[in-house]
Amino acid sequence: GAVVSQHPSRVICKSGTSVKIECRSLDFQATTMFWYRQFPKQSLMLMATSNEGSKATYEQGVEKDKFLINHASLTLSTLTVTSAHPEDSSFYICSASSTLVAAGTDTQYFGPGTRLTVL
Amino acid sequence: LAKTTQPISMDSYEGQEVNITCSHNNIATNDYITWYQQFPSQGPRFIIQGYKTKVTNEVASLFIPADRKSSTLSLPRVSLSDTAVYYCLVGTPEGGGNKLTFGTGTQLKVEL
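Protein chains in written order, with the working numbering: chain E, 1 to 119; chain R, 120 to 231.
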């Protein structure tokens with residue numbers, strides 16, 4: 001149980017284009033989803049937190065107009081990188097949590113990640 | 120959010136028990152302690168979570184002293200496939216979501 005998927009697993013795009021990454025909780029309803037970014041040899045950096053049906057909360061330094069997050073249902077959140085540039089190339093990972101999975105602990109379950117390369 | 124401190128790296132051999140200790144001196148009353156494992160180019164995988172004393176599951180044990188200012192992840196009889204980065208995190212449910220801050224993690228290398 002508690003499986004989270006991401007699509008696509010890899011994407012290569014040209015500079016200036018937009019890329020959408022999907023995150024799905026397959027066997028549970030995710031009240032909250034998180035988006036992280038990880039550069040090589042570094043730790044995960046939280047970008048934003050989103051609750052179903054409401055606007056995402058972005059971490060300091062993350063441009064909300066560049067990284068659009070939509071959490072339209074309890075099983076799907078999307079991250080759109082708009083006007084991508086080479087410096088946006090990174091490993092993007094989502095996670096989902098729900099008190100329905102482990103009551104009282106809000107354990108996060110992570111997706112497999114999406115490797116974005118911007119040429 | 121409580122900050123965590125872990126060793127940057129550890130080396131071990133197959134069949135040995137590995138203990139990774141994490142310090143979290145300013146852990147809050149409502150914080151849980153969670154450990155994740157991450158392989159290269161994969162998302163972190165949940166290992167174990169606890170609040171106090173000892174928790175054991177099929178892959179690891181988590182030891183938490185009474186003051187909860189540290190915790191130790193114990194991996195029994197490691198194998199080569201346990202080579203990965205291990206993250207210790209503390210967090211509290213906030214408005215339905217447990218916001219976590221990842222530290223540097225511990226790179227565990229298991230050799231023959």
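Beta carbons are placed, not taken as given, at the ideal position from N, Cα and C, and that holds for glycine.
Proximal residues of chain R, C-beta to C-beta of residue i below 8 Å
i	result
residue 109 of chain E	165
residue 112 of chain E	161, 162
residue 115 of chain E	160
Coil, strand or helix - residue i by DSSP
i	result
residue 130 of chain R	strand
residue 199 of chain R	helix
residue 139 of chain R	strand
residue 52 of chain E	coil
residue 230 of chain R	strand
residue 22 of chain E	strand
Partner residues on chain E for residue i, Cβ-Cβ distance less than 9 Å
i	result
residue 181 of chain R	Those within 9 Å of residue 181 of chain R in chain E number zero; the least Cβ separation is about 13 Å.
Chain-ordered neighbours of residue i on chain R, where CB pairs are closer than 9 Å
i	result
residue 46 of chain E	218, 219, 220, 221
DSSP beta-bridge partners of residue i
i	result
residue 108 of chain E	E:97
residue 210 of chain R	R:151
residue 204 of chain R	R:157, R:226
residue 78 of chain E	E:22, E:70
Same chain, Cβ closer than 6 Å to residue i, five either side skipped, listed in chain order
i	result
residue 101 of chain E	In this prediction, residue 101 of chain E scores a pLDDT of 45, lower than 50, which makes its location untrustworthy; the coordinate-derived value is nonetheless stated afterwards. Same-chain partners within the cutoff: 2, 28.
residue 20 of chain E	78, 80
residue 117 of chain E	12, 89
residue 32 of chain E	51, 97
Proximal residues to residue i (C-beta, below 8 Å), its chain only, five neighbours per side dropped
i	result
residue 18 of chain E	80, 81, 82, 83, 84
residue 230 of chain R	130, 131, 132, 133, 199
Closer than 7 Å at the beta carbon, the chain R residues around residue i
i	result
residue 43 of chain E	221, 222, 223, 224
residue 93 of chain E	162
Per-residue contacts from residue i into chain E (C-beta, under 7 Å)
i	result
residue 153 of chain R	107
Item checked: Continuous beta strand (DSSP E) assignments of at least 3 residues falling wholly in the stretch 151 to 187 of chain R -> 151 to 157, 164 to 169, 172 to 175, 180 to 183
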